[in-house]
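J.: Following this message is one structure expressed as structure tokens.
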Ligand SMILES: [Fe+2]
């Protein structure tokens, strides 16, 4: 794994080392304060090169392209929210996805399955354990956002947290923007959602991300988007872990996300 990840800087497998304990603590604090943390340069340059060489032809010729207009909830309506409330304003998303079954035996599948990575993320998140998904399509995805397309519109994720690994930054644009801690079980934060959609929320942050950076963010309570790309496309992997082993999507969910069943 040393050839794939920078384990000098991030000693994820040195469970009792002071530098790992310090890293876990730093990530926990950033997660508590900002709803996210990043590990710049986690994926080594050669591993990035290999991954891009592998997924490039798949993205070009065998990816699932999906364009849609949606609101931040991906729902037609929200109980208790009038249909004309500005929090239900629509945005657009276009992405091109390569699924896990297309990148078996790859750098990405190896990194994803490495128990020390899931163990580290679980520790930071204060979970007893995290497990790779058993879903043959969803466990590791690679997404591309291309020149002139709307990229990824503002939204919340279904899952509590989301983990991404940037393989290639956009020529320009393609920025990851987020607004943490918008909603909780007690407060849906509709007015803040409306302010973000209107471009008027002062708490929106833009994260400068370089290739090889892993990000974990609380996507269920953090509104986030990727701004439109110009020039070179943006290519990012998403790594999905669950708190229980064996989690799979239903065939209907697979069709909805990927246009096919496994
Ligand atoms: Fe998301």
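Numbering (the working numbering), first residue to last: 1056 to 1317. Just so you know, even glycine gets a beta-carbon here, dropped at the ideal spot from N, CA and C.
Could you tell me which whole beta strand (DSSP E) segments of length 3 or greater appear in the region 1072-1128?
T.: With a minimum length of 3 residues, the continuous beta strand (DSSP E) runs that stay inside the region 1072-1128 are 1091-1094, 1119-1125.
J.: Going by DSSP in three states, residue 1272 sits in which element: helix, strand or coil?
T.: Looking at residue 1272 - three-state DSSP - the assignment turns out to be strand.
J.: Can you tell me where the beta strand (DSSP E) with residue 1293 in it begins and where it stops?
T.: From DSSP, the beta strand (DSSP E) with residue 1293 extends over 1289-1294.
J.: If you measure from the CB of residue 1210, is any heavy atom of ligand 1 nearer than 7 Å?
T.: At least one heavy atom of ligand 1 is nearer than 7 Å to the Cβ of residue 1210, so yes.
J.: For residue 1148, count neighbouring C-beta atoms within 10 Å of its own C-beta (all shown protein chains included) and say buried if the count is 16 or more, exposed if not.
T.: Classification for residue 1148: buried.
J.: Is the beta carbon of residue 1109 within less than 7 Å of some heavy atom of ligand 1?
T.: Checking the Cβ of residue 1109 against ligand 1 gives no.
J.: Measure the C-alpha to C-alpha separation of residue 1100 and residue 1124 and round it to an integer number of angstroms.
T.: Their Cα atoms are separated by approximately 36 Å.
J.: Go through its chain and collect everything with a Cβ distance to residue 1103's Cβ below 7 Å, but skip five positions before and after it.
T.: Excluding positions up to five away in sequence, the list reads 1222, 1266, 1267.
J.: If we count Cβ pairs, one from each stretch, closer than 8 Å, do we get three or more for the region 1186-1200 versus the region 1292-1302?
T.: These segments touch.
J.: Mind checking whether residue 1082 and residue 1185 have CB atoms under 8 Å apart?
T.: Contact: no.
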